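The sequence shown begins at 20 in my numbering and counts up one residue at a time. Every residue gets a Cβ at the ideal spot worked out from N, C-alpha and C, and that includes glycine. A quick note: this is a predicted structure, and the numbers were derived from the prediction, not measured. Heads up, the thing below is written out as structure tokens.
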Amino acid sequence: MTEPAAAPVIAIDGPGGAGKGTVCRAVARQLGWHLLDSGALYRLVALDAERAGVALDDEAAVAERARRLDVVFQPDGDEGSVRLAGQDVSLAIRSEAAGQGASRVAALPAVRQALVGRQRDFCRPPGLVADGRDMGSVIFPAARLKVFLTASVEERALRRYKQLKEKGIDASLAILSEELGERDRRDTARAVAPLKAAPDARRLDTTDLSIDAAVAQVLRWAAAVYPGTQKK
20 MTEPAAAPVI AIDGPGGAGK GTVCRAVARQ LGWHLLDSGA LYRLVALDAE
70 RAGVALDDEA AVAERARRLD VVFQPDGDEG SVRLAGQDVS LAIRSEAAGQ
120 GASRVAALPA VRQALVGRQR DFCRPPGLVA DGRDMGSVIF PAARLKVFLT
170 ASVEERALRR YKQLKEKGID ASLAILSEEL GERDRRDTAR AVAPLKAAPD
220 ARRLDTTDLS IDAAVAQVLR WAAAVYPGTQ KK
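This is how it looks when you write it as structure tokens:
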């Protein structure tokens, strides 16, 4: 795929809990660009399938629902907002169960194929910040700025634990760490579009880095790679 000159792409990939969503939303807001949360798409597919009574291992049926998803999401606020068929499902798709479901359906080749074109449709002027696990390696391989954002499993689990506790949700740090490790293993081992850094991706480890510092680094790279890119 050739990236349209009028629609630059910043592709940010990495494992769950590394801060990709927060960084991508902040970068999109500051640049005034569109946002693609591919993780939300897979969570939405899993949620939609479960609500329709479709088993997550029924590849053909899940892929068909993926092709017909009615989705709108915006980078507003700290968490962003997501609507499925007009209903706000922002909280529903951020649950641990939804995350596990997303990882399962993302391993289905037919589902991934169903969502490839839809993801690329998000690329339009003035630009796109794409958040996911294969944005730079599969969906937007011609993107001139690719970032692989990561952090240690321990740090990612701790961040998720704090988020859940702040929302009044009971959680176990040990279980969260185990679940993140298992999701990492599943995502990196899957046969289709496994989680990995694109060869030309810039690595950004946020284990000891604040969100503000991570956002600032991405914006510096964007300004250098896409001359004329400025904050709103």
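For Val148, the uninterrupted beta strand (DSSP E) run begins and ends at Leu147 to Gly151, by DSSP.
At least 7 Å separates the beta-carbon of Ala47 from that of Leu55.
Take Phe167, set aside five residues on each side of it, and the residues of its chain with a beta-carbon closer than 6 Å to its own are Asp32, Gly33, Ala216, Ala220 and Arg222, in chain order. Considered as a whole, the region 81 to 162 harbours 90 to 93, 100 to 103 and 147 to 151 as its complete beta strand (DSSP E) runs of no fewer than 3 residues, in chain order. DSSP places Arg222 inside the beta strand (DSSP E), whose first and last residues are Arg221 to Asp224. Looking at the DSSP output, Leu168 shares a beta bridge with Leu223. Gly72 has its alpha-carbon roughly 31 Å from the corresponding atom of Lys39. Using a Cβ-Cβ distance cut-off of 8 Å, the region 138 to 149 and the region 205 to 213 are not in contact, since fewer than three pairs of beta carbons, one from each stretch, lie closer than that value. Leaving aside the five residues that flank Ala133 on each side, the residues in its chain whose CB is nearer than 6 Å to its CB run, in chain order, Ala82, Ala85 and Arg86. Assignment of Leu54 by DSSP, reduced to helix, strand and coil, places it in the strand class. Pro27 is classed as buried because its beta carbon has at least 16 other beta carbons within 10 Å across all chains shown. Looking from the CA of Thr225, the closest CA among Pro144, Val172, Thr207 and Ala193 belongs to Val172.
For Asp231, the enclosing alpha helix (DSSP H) begins and ends at Ile230 to Val244. Rounded to whole angstroms, the Cβ separation of Val130 and Val64 is 6 Å, and the two are in contact under 8 Å. Counting other Cβ atoms within 10 Å of its Cβ, Gln138 reaches 16 or more and is therefore classed as buried. Scanning its chain for C-beta atoms nearer than 7 Å, with the 5 sequence neighbours on each side dropped, one finds around Met154 the residues Ala30, Ile31, Asp32 and Ser57, in chain order. Ranking Val90, Leu50, Ala45 and Gln49 by CA distance to the CA of Asp67 puts Val90 first.
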